[in-house]
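Visitor: Each residue of the sequence shown is one higher than the last, beginning at 77 in our numbering. In this text, a Cβ means the ideal position worked out from N, Cα and C, and glycines have one as well. Quantities reported herein were computed from a predicted structural model and do not represent experimental measurements.
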Amino acid sequence: MRTVTSAQQYPIFGSEIKCPHCRQIIPALILTDTYLCPRHGAFEVHPNNKDLIHLQSDRQWRLWDDEWYRQHTHPDGIRFEIHESIDRLYTQGYRAIKVTIAQRYMDLVGSYLEGNSGSQVQRLYGLNVEFSPSEGQEPKWGIINFELEKELGTPKGYPYFRSF
C-alpha cells in the first residue's frame, strides 16, 4: 500500500501560489492540479511542461524566479505587455532604451518591427530591438518574454506614452 504525503496532495507548485493576474495568494485544491482565485477563477497546472493554464481563457503562464510570465500566442499580447512595461518605467522616472525579446517570439512580432532602409536595426515603439539567445544557451529565455534596458530620465521622442 502506497502512503500519500501531504506534499503529494497538492499541485506541483505547492499549497498556494500568487495569482498571475492580481498577485494575491491563492490556495491549491487538494488532490487536484488546480489553484483557485476568488477573483479570476481556476488555474490548472499542466504536469508535462509546468505551465499554469487559466481555465476560462486558456491563457498560459510559466514561473521564473518566483514571477509568472504569460506565454503569448498572438502578437498583440506581447506588444501590449512591452508597451505597458515602457509606460511603467516612465512613471518611475526611467526611459527604456532597448528591448530584448525572447527568440521564440521572432516570427510572432517580426512583421511589427520598424526597420531602417539599408540597415539591420529593428525598432519597436522607437526602441532598438534585439532577440535573445536560445533557451538552450540561457534557460530563462524559454520562460520570460522580454527585458528592457533602461536609464534615468524621460523618453526622447517616445510618441506612444499614454498618461493614465
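Can you tell me whether glycine 191 is helix, strand or coil according to DSSP?
Guide: strand
Visitor: Would you check if the stretch 113-125 and the stretch 158-171 touch, i.e. whether three or more CB-CB distances between them fall below 8 Å?
Guide: no
Visitor: Would you check if the distance between the CB atom of tryptophan 144 and the CB atom of proline 96 is smaller than 8 Å?
Guide: A contact, by the Cβ cut-off of 8 Å.
Visitor: Between tyrosine 170 and leucine 228, how many whole angstroms is the CB-CB distance? I'm expecting something under 8 Å.
Guide: 6 Å
Visitor: Between the stretch 208-222 and the stretch 174-181, do at least 3 Cβ pairs fall closer than 8 Å?
Guide: yes
Visitor: Determine, using beta carbons only, whether leucine 189 and leucine 200 come nearer to each other than 8 Å.
Guide: yes
Visitor: For valine 175, does the count of other Cβ atoms within 10 angstroms reach 16, so buried, or fall short, so exposed?
Guide: buried
Visitor: Please classify phenylalanine 240 as buried or exposed, where buried requires at least 16 other C-beta atoms within 10 Å of its C-beta.
Guide: Residue placement at phenylalanine 240 is flagged as unreliable, the pLDDT there being 39, under the threshold of 50; a coordinate-derived value is accordingly withheld.
Visitor: So if DSSP puts proline 103 in a beta bridge, which residue, or which two residues, is it bridged to?
Guide: Partner(s): Glu92.
Visitor: Nearest-angstrom Cα distance between serine 187 and glutamine 198?
Guide: 11 Å
Visitor: Between the Cα of arginine 164 and the Cα atoms of Leu224, Ile101, Ile88, which residue gives the shortest distance?
Guide: Leu224
Visitor: Based on Cα-Cα distance, which residue from Ile106, Pro114, Thr110 lies nearest to lysine 126?
Guide: Thr110
Visitor: To which residues of the same chain is phenylalanine 207 closer than 6 Å at the C-beta, ignoring the five residues directly before and after it?
Guide: Ile177, Gln179, Met182
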